[in-house]
Amino acid sequence: MAEGMSRKEAVAGAREMMGLEADSVILPASERPLIRLALAVAGQWRMGPVGLGGMRPIALDMVAVDVTARWLGITPDARLLEGLAIIEREALKLMRKDQ
Numbered sequence: 001m002a003e004g005m006s007r008k009e010a011v012a013g014a015r016e017m018m019g020l021e022a023d024s025v026i027l028p029a030s031e032r033p034l035i036r037l038a039l040a041v042a043g044q045w046r047m048g049p050v051g052l053g054g055m056r057p058i059a060l061d062m063v064a065v066d067v068t069a070r071w072l073g074i075t076p077d078a079r080l081l082e083g084l085a086i087i088e089r090e091a092l093k094l095m096r097k098d099q
């Protein structure tokens, strides 16, 4: 089916068939520490007030991220925190879309 297509076109077609967005975040296997950390801190959000008594997540709790990273044996560096910021931004977009 993908004969005659470039790799980019074939990947886009496969994503469309699977119902995935074209701009999904894909991390390479070399990012295992980032993936482990992101999964470990998935529930550690700073909450902010919205409306009358409502709360919504506004950012990851970076103190909890630092403590969790060191507990997992991961040394947080600029590259790791940059990757985590990308995941945080995408997660916030998804959470706001669901509200």
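Read in the UniProt record's numbering, the sequence shown has 98 at position 98, and its numbers run on one by one without any break. For each residue, glycine too, the CB sits at the ideal point set by N, CA and C.
For R7 and R56, the gap between their C-alpha atoms comes out near 40 Å.
Between the alpha carbons of I58 and P49 lies a gap of roughly 9 Å. Take M47, set aside five residues on each side of it, and the residues of its chain with a beta-carbon closer than 8 Å to its own are M55, R56, P57, I58, in chain order. DSSP places A59 inside the beta strand (DSSP E), whose first and last residues are 54 to 60.
Apart from sequence neighbours up to five positions away, the residues of its chain that approach L92 with a beta-carbon distance below 7 Å are P57, ordered along the chain. By the CB criterion at 9 Å, D66 and W45 fall outside the cutoff.
Around the beta carbon of V63, fewer than 16 other beta carbons lie within 10 angstroms, which makes this residue exposed. Going by DSSP, P33 is part of the alpha helix (DSSP H) stretching over 32 to 40. Under the three-state reduction of DSSP, G48 is assigned to strand.
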